[in-house]
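In the UniProt record's numbering, the protein residues as written are 269 to 491.
Note that beta-carbon positions come from the ideal geometry of N, C-alpha and C, so glycine has one too.
Reading through the structure tokens given below for one structure.
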Amino acid sequence: TEEQLQNAEKLSIVGQLAASIAHEIRNPLTAIKGFAQFLTEDKSSHYGEVILNELERIEGIVNDLLVLAKPESNNLQQVNLINVVKSVVVLLNSEALISNITIDVKHDQSELIISCEIDKIKQVIINVLKNSIEAMPEGGQIIVSVKKDRNFALIRVQDEGVGIPEERLSKIGEPFFSTKEKGTGLGLMICNRIIKNHGGNLHIKSKENEGTTLIILLPLYEK
Ligand code: ADP
Ligand code: MG
């Protein structure tokens, strides 16, 4: 509809603005962080540590916002989604193992080709898997399954984490909505943005104390 179109345009303008501001903030931030490091060497005071912690928080937000820098998918590549998923899992495996978590990848086909900006799709899978890891402080299993669903590739990420209470489910994906001390609340909003830009869709199902399942649909590449 007309209204949806206008909203999409607004979002893209806001996204570009956010990204360019984030870019400008990053360089001075790196410098400040470097000097703040010296302050932490003074063991008689913990102010340096507080400063460094908060700077890292800003850095997290800036890095998340930078993903919005190129809202249009203009650098498309045909890739095998199964390999992309596997490479991201390898990347996160050691982090998962520290928390006693195993990540298993399941697929019944060997190839599902999508046309995408590969770094952005990797970012989506990283964000989603990190959320699952962060939701399982006691450890457990994450199952990532990839399959064909009509004209789409379907990625399902299923965890055994803390889950999301029903009344909170509608807030998930709103910018800056986070239940974590060090969260930015930008991860899922960015995932949603990237997936929408690829013509796909993101669904989330969850049950408190049982776990969360994220379903990502991305259009298959048609020759
Ligand atoms: P952040 O991870 O910085 O908090 P996100 O946008 O990635 O931001 O996630 C927003 C919120 O959604 C999280 O703070 C958490 O409350 C909830 N959430 C997301 N993924 C999961 C999950 N797999 N299990 C439980 N809660 C989740
Ligand atoms: Mg997150």
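Item                                                                                                                                          : Value
Between Asn395 and the ligand MG, is the CB less than 7 Å from at least one heavy atom?                                                       : yes
Looking at Ala421: is its Cβ nearer than 8 Å to the Cβ of Ile394?                                                                             : no
With DSSP as the reference, label Asp417 as helix, strand or coil.                                                                            : strand
Are the segment 466-485 and the segment 420-434 in contact at 8 Å, needing three or more beta carbon pairs?                                   : yes
Step through the CB atoms of chain B and report whether any lies within less than 8 Å of the CB of Glu379.                                    : Although the question refers to chain B, the structure presented lacks it and comprises just one protein chain.
Should Asp332 and Gly468 be called a contact, given that it needs their Cβ atoms to be closer than 8 Å?                                       : no
Measuring CA to CA, which of Gly283, Asn460, Glu322, Gly316 is closest to Gly441?                                                             : Asn460
Under the rule that 16 or more other beta-carbon atoms within 10 Å means buried, what is Val335, buried or exposed?                           : buried
Check whether the segment 351-358 and the segment 367-379 touch, using three or more Cβ-Cβ pairs below 8 Å as the test.                       : yes
Near Leu437, which residues of its chain fall below 8 Å by C-beta distance, leaving aside the five closest residues on each side in sequence? : Ile472, Ser474
On the DSSP letters alone, give me the boundaries of the beta strand (DSSP E) that Ser383 sits inside.                                        : 381-384
In terms of residue numbering, what span does the beta strand (DSSP E) encompassing Gly479 cover?                                             : 479-487
Taking a contact to mean a Cβ-Cβ separation below 8 Å, would you say His375 touches Ser413 in this structure?                                 : yes
Ser355 lies in the alpha helix (DSSP H); which residues open and close that run?                                                              : 349-366
Could you give the DSSP three-state label for Val373: helix, strand or coil?                                                                  : strand
For the beta strand (DSSP E) holding Leu470, just list the boundary residues, first then last.                                                : 469-475
Does the distance between the C-beta of Ser438 and the nearest non-hydrogen atom of the ligand ADP fall short of 7 Å?                         : no
How would you call Glu406, buried or exposed, if buried means at least 16 neighbouring beta carbons within 10 angstroms?                      : exposed
Give me every residue whose Cβ sits closer than 5 Å to any heavy atom of the ligand ADP, in chain order.                                      : Asn399, Ser400, Ala403, Gly429, Ile432, Ile440, Ser446, Thr447, Lys448, Gly451, Thr452, Gly453, Gly455, Leu456, Thr480
In whole angstroms, what is the alpha-carbon distance linking Ile391 and Ile281?                                                              : Reading off the sequence shown, one finds Gln at residue 391, where the question assumed Ile. Gln391 and Ile281: Cα-Cα distance of roughly 21 Å.
Whole-angstrom Cβ separation of Glu402 and Gly479, contact assumed at under 8 Å?                                                              : Glu402 to Gly479, Cβ: 13 Å. No contact.
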